Structure formats: structure tokens, C-alpha cells
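All you need for our numbering is the position in the sequence shown, starting with 1, plus 50. All C-beta atoms, glycine included, are put in the ideal place defined by N, C-alpha and C. A quick note: this is a predicted structure, and the numbers were derived from the prediction, not measured.
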Amino acid sequence: MNLPGAYLLTGKQKTILNHIRTILFLLFICVFVSGINAGTDNKIKVAKPAHLVKDTLTKPANVMRTPQELFVNCVKCHSIGKGKLVGPDLADVKKRHDSAWFIKFICSSDSLRKAGDTSAKRLFLSYGKLPMPNYNFSSEEINALVDYIDFESLKLKANPNFLDNSFSKRPPSNSWLFILCLLLILLPVMDLAFTKFVKIKYLNFILIFAGFWLLGKIVYEEAGYMGRSLGYEPDQPVKFSHRVHAGENKINCIYCHTGVNESKYASIPSTNLCLNCHNVIRYGTNTGEAEIDKIHNAVDQGKSISWVRVYKLPDFVFFSHAQHVRVGKIDCKECHGDVANMGRIQQFTDLSMGWCMNCHKKTNVQFNNNYYTLYEQHKDLLSGKIEKVTAEDIGANDCLRCHY
Ligand code: HEC
Ligand code: HEC
Ligand code: HEC
Ligand code: HEC
Ligand code: HEC
Ligand code: HEC
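What follows is the structure in C-alpha cells.
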């Protein structure tokens, strides 16, 4: 393409003109592109986000709008849990006011303020006297909207590690010590046989002896753990947390483990018992609906939840909860640890025979039980002949009490 009047120019002038033309063209492109960018920047700042375009305010009043639709009006000035914007952070706002207040405030905050409501006045002052817009929402819509905000606030509190425990009773691994033993034994043997580096021979023998001594110690320790499962902490089919139930919500152990006072077994609650509460509580702070839905699915299908057993004595041992909890008045903590602070249940004691017997040796029998007036020791205790009666004294450490 030739520029107009180009035929008047010399070849050299034409090239210069071509250069100028190219530069002008590039400049034009630059301005155009930056113009588009500036435009989009402005859009983000001033215009509504795409999902805002649907104007919720012009819908017919008799159709109930969803809370999500309504909340679109609020995001310019409010966040949930991400801090103040123009207005306050709405996380947990449901705890700050009651339903009637929300209805009045959202429909017309200025009327509420003029009517003398102190919290509306205080808010207005602390937010630079910036009035909040009035919304023509129905009471039902506002209640649903506030519930929605509350629900979103709840999600912020989810802790993905809520099942973790702050302690572990699992015995430490001995593998490094074991390798050390092998070195302690092998190196001096090699030296004695081949390298002859250490001149004083008995030093080598001392090392070998130390190696075997350590090895023996490890074998003894490990044998003690064999077949036991101290610190065992399996994942359960439903993310059930004792910290949430017995800890934060202070539900009594016996509400769920109904057998502790009457029977050998403490018993694990049935899914129907869970429903006493979870028919209403359908949402968990940490797990949302997913885990509680598992309970409902199990009940609907007529199945039970297959909990993984943690504490288990061999079949040849007799143990009764009623004897210990009701008669012996022993706290669950003594044998199961601080369950109310456990996420997952963790085996807290090793359930060895020595553990049972040691406790019987040092724990006193609670003689404020009429049954014990039959015992010789009871009279002796009353007459001051003896100071205390331990479980062992009434025969709790006889082989046949536990093995039958
Ligand atoms: C133009 C900005 C703006 C918009 C949009 C807005 N608000 Fe507000 N909101 C405020 C301000 C500012 C306050 C502080 C109180 C005042 O100034 O009266 C407030 C206060 C509140 C409060 C009281 C908070 C507290 O901490 O007690 C609630 C609840 C509330 N707004 C809900 C909403 C809802 C729901 C919407 C959407 C339907 C909405 N707001 C839309 C600016 C806004
Ligand atoms: C809301 C009901 C509920 C409450 C309250 C409750 N538990 Fe449990 N408990 C369960 C369920 C369900 C299991 C089986 C799932 C598991 O092991 O986490 C269980 C398991 C256990 C186990 C392990 C059983 C096994 O597999 O060997 C022990 C021990 C236990 N609970 C002790 C307690 C103690 C102590 C308390 C009171 C501080 C308590 N529980 C309160 C429901 C409850
Ligand atoms: C003296 C120690 C001791 C005390 C106190 C004790 N338990 Fe146990 N618990 C055990 C042993 C041992 C087992 C394993 C029993 C077995 O395998 O037969 C067990 C098992 C359990 C189980 C597994 C299931 C079952 O039905 O037995 C639950 C649940 C349980 N205990 C809850 C409790 C609660 C709740 C308390 C307090 C009210 C409590 N225990 C007090 C030692 C104790
Ligand atoms: C006495 C009432 C009660 C009983 C019975 C009960 N729960 Fe719960 N459960 C609660 C409460 C309260 C919460 C906490 C809800 C929340 O996060 O706001 C809860 C929360 C939960 C959660 C969610 C935890 C989270 O933070 O996400 C699960 C899963 C759960 N329970 C399972 C069970 C199972 C399984 C049973 C039956 C063995 C059971 N519950 C029995 C009251 C109960
Ligand atoms: C925390 C201490 C403690 C631990 C641990 C303990 N016991 Fe006991 N046990 C007692 C006390 C106290 C009594 C006496 C209760 C009473 O009759 O007043 C008792 C009584 C008994 C009795 C009944 C004795 C009789 O009067 O006939 C048996 C059986 C028994 N325990 C078995 C066990 C077994 C099995 C274990 C281990 C798995 C165990 N106990 C662990 C404290 C303990
Ligand atoms: C207080 C209850 C109790 C008394 C009393 C008791 N035992 Fe035990 N015994 C146990 C428990 C609990 C185990 C299971 C230990 C384990 O699994 O590590 C056990 C395990 C055993 C075993 C099997 C060991 C193994 O590793 O398999 C033998 C054998 C045994 N006891 C013999 C005896 C003899 C003999 C006596 C009388 C001197 C006796 N017990 C008294 C609670 C008791």
C-alpha cells in the first residue's frame, strides 16, 4: 500500500516514512491494548460481578428467593470470615442479634436506628455513619439468609485434623538401637579376626558383651509388647470423635456406653442411639454432612456401623466393667485415659496381666457397699486392726478370678 502523495518522494524518504508508519501502528496497538486492560480493571472495581447481573430486587415478592441469590447483594460490603469490608465481617453474626432484629435491620436499618435501637446506633457510629442499604426482603427470606450466613460461618471452623490426638502411647521403635547392637558386636569381632586395630584385646570383648546386653534388653522389651497393642489407634468407619461428644458437648460416657454399671461389657451404642441427636443435628462443624449422612444411610439400609474394636482381652480372661466401675468406683480414665480429649480412640493401657495385678495390689476396695459386711476384713477395718484392704486382699489376684 502506498501513502497518498508518495509518488512525490524519493526512495530514501519513502523508507523513512515507512518506518514512521510502522512506529505509529505499534503505538496505536499499545494504546488500544492498554485501553482494554484499563477498562477491565475499572470493571472489577466499579461494576457488579457477572452473577450479580440478575437483579434480585425486581422479582415478584411472592416467590421466595434463595439465600445465595440474596447474598449476592451483600458481597460488595460484607465478607464471611475474610475480615471487614465496607461493613462488618458477618461470620457468626447470628450469635450477635435475634431474628426480629435482623428482619428490621435488613429491611430498614435507619428506621431501626431512629427507633432507638442501641446496637444499630453503635454499629452505625463505628462504621463511619455509613448507612447500610434497605432491602425489600420478606421475613422468611431474611431468616433463610441469616441461616445461610451462619452455615457459611460454621464451615470456617472446620479442622481437618480434628481426629488427631496430642499424644501417642505407641512404644518407640527400637530399630536404630538394634542396628547399634549389631555394630557393637560385629565390629569388634571383625577387628579380633582380621584388622587387629585395637591393641588391647579385652576392650573388644567388653564391646561385644555390651552389644549382647543391649540386644537382650531389646528382645525382652519387644517380647513384652508382643501380642499387645498399646497405642493402637485405628481409623473408624465414621469419623466419630470423643472430643466432640464427651469433651466439647459434655455427653456423659454412660449415655452411650450403657453397660458399664450392669454388665461385663461397656457396650458400643447402636446407630439408633446416635439418631436421638443426629435426627436434628445434620451438620458437623468439621465434617459437614458427609459423616453424619453415613449414620442415616446405615439406618435406612438396616445395617449397623462396623466399628473397629480397640480394647480387647483374650477370650480366656474374665473382666467385668460393673465390678470395676460400679463396685470399685474406678474412673474410666484409669484404664482408658482421658477419652474426652481424644479424637480417635487410642489404646491407653497395655492390658497385660501385670497391669491388672499391679492395680489390684495398690487399689483399695470401696467398703461403703453393704455386700462387704460379709467380709472378715470389713470388721477388721472398722475395729482399726488393719488400715486398708486392697483388691488383692479380697482375692482379685487369684488365678481363677480372671481365668476360668
Ligand atoms: C453498601 C454497603 C453494604 C451493603 C451492600 C450491605 N451492607 Fe450490611 N452493613 C453495612 C454497614 C456499613 C454496616 C454497619 C452498620 C451501619 O452502618 O448501619 C452493615 C451492617 C450489617 C449487619 C450488622 C452486622 C453486625 O456486626 O452486627 C448485618 C447483619 C448486615 N449488614 C447484613 C447485610 C446483608 C444481609 C446484606 C445484603 C442483603 C448487606 N448487609 C448489604 C454495609 C452494607
Ligand atoms: C455419643 C456417644 C458416646 C459417648 C458420649 C462416649 N462414647 Fe465411647 N464410644 C462411642 C462409639 C460410637 C465408639 C466406637 C467408635 C470408636 O472407637 O471411636 C466408642 C468407643 C469407645 C472406646 C473404645 C472401645 C473399643 O473399641 O475398644 C472406649 C474405651 C470408650 N468409647 C470410652 C468412652 C469414655 C470413657 C467416654 C466418656 C468420657 C465415652 N466413651 C463417651 C460412643 C460414645
Ligand atoms: C479397670 C479398668 C477399666 C475401667 C475402670 C473401665 N474400663 Fe472399659 N475396658 C477395660 C478393659 C480391660 C476392656 C476390654 C474388655 C474385653 O475385651 O473384654 C474395656 C473395654 C471397653 C469398651 C469396649 C467395648 C465393651 O463393650 O467392653 C468400652 C466401650 C469401654 N471399655 C468403655 C468404658 C467406660 C465408658 C468406662 C467408664 C465408665 C470404662 N470403660 C471403665 C477396662 C476398664
Ligand atoms: C447426645 C447427643 C448426641 C449423640 C447421642 C450423638 N451425637 Fe454426634 N454430635 C453431637 C453434637 C452436639 C455434635 C456437634 C455438631 C457440631 O459440629 O455442631 C455431633 C457431631 C457429630 C459428628 C460430626 C463431627 C464434626 O465435627 O464434623 C459425627 C460424625 C457424629 N456426631 C457422629 C455420631 C455418632 C456415630 C453417634 C452415635 C454413636 C453420635 N454422633 C451420637 C451430638 C450427639
Ligand atoms: C485401676 C485399677 C484396676 C485395674 C487396672 C484392674 N482392676 Fe480389677 N479390680 C480393681 C478393684 C479395686 C477391684 C475390687 C472391686 C470390688 O469388688 O470392690 C477389682 C476387682 C476385680 C475382680 C473381681 C475380684 C473379686 O472380688 O472377685 C476381677 C475378676 C478383676 N478385678 C479383674 C481384672 C482384670 C482382668 C483386669 C485387667 C484386664 C483388671 N481387673 C484391672 C481394680 C483394678
Ligand atoms: C487380675 C486378673 C488376672 C489374674 C488374677 C491372673 N491373670 Fe493371667 N492373665 C490376665 C490377663 C489380662 C492376661 C492376658 C495378657 C495378655 O494378653 O498379654 C493373662 C494371661 C495369662 C496367661 C497367658 C499368657 C500369654 O502370654 O498368653 C497365662 C498362662 C496366665 N495368665 C496365667 C495366670 C496364672 C497362673 C495366674 C495365677 C497366678 C493368673 N494368670 C492370674 C489376667 C489375670
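Return the CA-CA distance between residue i and residue j, expressed in angstroms with no decimal places.
| i | j | result |
| --- | --- | --- |
| L232 | G261 | 7 Å |
| L102 | V196 | Only weak support exists for where L102 lies, its pLDDT of 35 falling under 50; the value from the coordinates is given anyway. Using only the alpha carbons, I get a separation of about 19 Å. |
| K109 | K154 | Only weak support exists for where K109 lies, its pLDDT of 47 falling under 50; the value from the coordinates is given anyway. Rounded to the nearest angstrom, the two C-alpha atoms are 21 Å apart. |
| L67 | L76 | 14 Å |
| T440 | S370 | 18 Å |
| N87 | H147 | With a pLDDT of 47 at N87, under the threshold of 50, the predicted position of this residue should be treated as unreliable, and no value is reported. |
| E437 | P287 | 49 Å |
| Q416 | D443 | 12 Å |
| V248 | N215 | 50 Å |
| T423 | L204 | 56 Å |
| S313 | S129 | 54 Å |
| H453 | G404 | 14 Å |
| N391 | R451 | 33 Å |
| R115 | V143 | 21 Å |
| I345 | H295 | 15 Å |
| R359 | T413 | 28 Å |
| N209 | Y333 | 14 Å |
| W226 | F121 | 59 Å |
| K62 | L74 | 19 Å |
| F217 | S402 | 21 Å |
| Y315 | N299 | 24 Å |
| F244 | K267 | 29 Å |
| G178 | K145 | 23 Å |
| D105 | K164 | Here D105 scores only 40 on pLDDT, less than 50, and its place in the model should not be relied on; the value that follows carries that caveat. Rounded to the nearest angstrom, the two C-alpha atoms are 29 Å apart. |
| G445 | G378 | 14 Å |
| L107 | N123 | In this predicted model, L107 has a pLDDT of only 45, less than 50, meaning its place in the structure is not dependable; the value taken from the coordinates is given anyway. Approximately 9 Å between the Cα atoms of the pair. |
| L257 | M407 | 38 Å |
| K435 | D381 | 29 Å |
| S149 | I156 | 11 Å |
Bridge partners of residue i, per DSSP?
| i | result |
| --- | --- |
| N414 | T440 |
| G334 | G338 |
State the start and end residues of the unbroken alpha helix (DSSP H) segment that holds residue i.
| i | result |
| --- | --- |
| N186 | Careful: N186 lies outside any alpha helix (DSSP H) and carries neither H nor E. |
| A260 | K251 to Y275 |
| D160 | S159 to K164 |
| T168 | T168 to S176 |
| W226 | S225 to M240 |
| L323 | T321 to H328 |
| Q396 | Note, Q396: premise wrong, no alpha helix (DSSP H); not H, not E. |
| F121 | P117 to F121 |
| Y305 | C303 to C306 |
| Q373 | It is not in any alpha helix (DSSP H) - Q373 carries neither H nor E in the DSSP assignment. |
| D142 | Segment: none, D142 is in no alpha helix (DSSP H) and carries neither H nor E. |
| H428 | E426 to L432 |
| R451 | C449 to C452 |
| E384 | C382 to H386 |
Which residue from the options puts its Cα closest to that of residue i?
| i | options | result |
| --- | --- | --- |
| K207 | G338, L74 and L173 | G338 |
| F280 | D400, K379 and N209 | Looking at the sequence provided, one finds Leu at residue 280 rather than Phe. When each option's Cα is compared against that of L280, the closest is D400. |
| Q118 | H69, I199 and G61 | I199 |
| G297 | P222, H328, W263 and F212 | F212 |
| G274 | M182, R71 and P221 | P221 |
| L253 | I235, I268, L265 and V269 | I235 |
| Q397 | G166, S225 and K362 | K362 |
| H386 | Y282, F152 and H328 | Y282 |
| L230 | T245, W263 and D241 | W263 |
| I304 | E426, A340 and V389 | V389 |
| G277 | R394, N408, P364 and V375 | P364 |
| N447 | M240, I395, V367 and L431 | V367 |
| K219 | R394, L162, D430 and D343 | R394 |
Closer than 6 Å to a non-hydrogen atom of ligand 8 - does that hold for the CB of residue i?
| i | result |
| --- | --- |
| F152 | This structure simply doesn't include ligand 8; it includes ligand 1, ligand 2, ligand 3, ligand 4, ligand 5 and ligand 6 instead. |
Does residue i have its Cβ less than 7 Å from a Cβ in chain C?
| i | result |
| --- | --- |
| L67 | Of the chains in the structure shown, none is chain C; there is only one protein chain. |
Q: Give a yes or no on contact between the region 306-323 and the region 176-196, applying the rule of three or more CB pairs nearer than 8 Å.
A: no
Q) Per the contact definition of three or more C-beta pairs closer than 8 Å, is the region 341-355 in contact with the region 287-304? A) yes
Q: Would you check if there are 3 or more beta carbon pairs closer than 8 Å linking the region 302-313 to the region 359-375?
A: yes
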